[in-house]
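This note's numbering puts the sequence shown at residues 1 to 176.
Notes follow the structure.
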Amino acid sequence: MTTALFSVASVVAVVASVVVVVSRRIVHAALWLVLALGAVAGCFGALQAEFVALVQILVYVGAIVVLVLFALMLTKAPTNPLPELTTRRSPFAAVVAAVLALILGTGVVLAFGNEKVKPVTDGSATTIGTQIFKNWVLPFEVLSVLLLAALIGAIALSQRSDSAQRSDSAQRKKED
1 MTTALFSVAS
11 VVAVVASVVV
21 VVSRRIVHAA
31 LWLVLALGAV
41 AGCFGALQAE
51 FVALVQILVY
61 VGAIVVLVLF
71 ALMLTKAPTN
81 PLPELTTRRS
91 PFAAVVAAVL
101 ALILGTGVVL
111 AFGNEKVKPV
121 TDGSATTIGT
131 QIFKNWVLPF
141 EVLSVLLLAA
151 LIGAIALSQR
161 SDSAQRSDSA
171 QRKKED
């Protein structure tokens, strides 16, 4: 039963991910992303990693997709269909992607095909929290500094220069 649930969730995740990439409407792509990330959470749930599945839903489905939709609406991104992005090189790119996926899949199967997955003795939130704050403190802190730097960079990029603001206000006055 676990294998069937995992297989169904995996197929849904892959199909939804492909639709995200080929969708011509950006809002529809964001909504397909909800399904793709939800299916990944379903994969985690099928593997009995309930905490990771819950974090996947809260962080990615809940926060990231809402952030993407908020950014789309805030920036007044066009909601009409995007122009056709296929070129004459698209079939070649699809073949290259399929060959690379086949090579990667074969490498993973050859490297780990005979290994049995060891069941996790205790995958509770307490154990994960203990591991993060005992054994993985330095990488966790480096990640927090990296996220802080990204936040500062985003704030710096969002600030407009004074001359750009003055020219915009002058342009608006001319239009009125």
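Note that CB positions come from ideal geometry on N, CA and C, so glycine has one too.
Keep in mind that this is a model prediction, so the values were computed, not measured.
Buried/exposed call for residue i, threshold 16 Cβ in 10 Å
| i | result |
| --- | --- |
| glutamine 56 | buried |
| glycine 129 | exposed |
| phenylalanine 44 | buried |
| leucine 74 | exposed |
| leucine 157 | exposed |
| glycine 42 | buried |
| valine 109 | exposed |
| alanine 13 | buried |
| alanine 185 | Because residue 185 is not part of the residues shown, which for the chain are 1 to 176, the question remains open. |
Residue i - containing alpha helix (DSSP H), residue span
| i | result |
| --- | --- |
| tryptophan 32 | 26–46 |
| glycine 129 | 125–134 |
| alanine 53 | 50–55 |
| glycine 107 | 90–112 |
Helix, strand or coil at residue i [DSSP, three-state]
| i | result |
| --- | --- |
| glycine 62 | helix |
| serine 158 | helix |
| serine 23 | coil |
| methionine 215 | For the chain, the structure presents residues 1 to 176; residue 215 sits outside this window and is missing. |
| lysine 174 | helix |
| threonine 3 | helix |
| glutamate 141 | helix |
Beta-carbon gap between residue i and residue j smaller than 7 angstroms
| i | j | result |
| --- | --- | --- |
| leucine 33 | valine 65 | yes |
| leucine 47 | alanine 16 | no |
| leucine 31 | tyrosine 60 | no |
| alanine 39 | alanine 9 | yes |
| alanine 125 | phenylalanine 51 | yes |
| alanine 29 | valine 18 | no |
| phenylalanine 140 | isoleucine 132 | yes |
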